[in-house]
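Residue numbers (my numbering): 7 to 132. Glycine included, C-beta positions come from ideal geometry on N, C-alpha and C.
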């Protein structure tokens with residue numbers, strides 16, 4: 007859970023520092039260079055880690071605790087977290103070619119190296 011906690015705290019701190027600059031742009035630095043929602047990734051890793059660390063002592067009906075990380079994952083990826091923020095970001099910057107490049111090349115959740123994108127796909131949007 008510690009790794010998830012660190013990822014979430016660092017991502018939230020980076021976003022706070024970036025937001026204070028009032029650039030009017032999306033954040034694409036730090037962890038946000040590798041994931042559009044690294045704070046949510048950290049939150050998920052945190053809850054999965056808590057569950058994983060308790061597995062060795064769970065008995066009988068205590069296994070229902072698996073629902074907690076599953077609920078967090080569902081909430082953040084399907085209901086309120088990512089879908090809501092992606093929609094708001096698309097409304098705000100959807101016509102911006104640089105944002106479209108960022109979105110096309112950057113994982114929504116799991117931090118990873120950026121994808122190579124075909125620049126021809128963005129020529130008509132300038």
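Does the distance from the CB of residue 11 to the CB of residue 115 come in under 7 Å?
No, the Cβ-Cβ distance between residue 11 and residue 115 is not below 7 Å.
Specify the secondary structure class of residue 86 as computed by DSSP and reduced to three states.
Three-state DSSP puts residue 86 in coil, outside helix and strand.
Just to confirm my understanding: we take residue 118, look at its own chain, exclude 5 residues before and 5 after, and list those with CB closer than 8 Å. What are they?
Cβ within range, chain order: 40 and 41.
For residue 50 versus residue 79, is the C-beta distance shorter than 7 Å?
Contact: yes.
Would you mind working out which of 111, 77, 53 and 123 sits nearest residue 34, comparing C-alpha positions?
When each option's Cα is compared against that of residue 34, the closest is 111.
From residue 55 to residue 96, what distance separates their C-alpha atoms?
Cα to Cα, residue 55 sits roughly 32 Å from residue 96.
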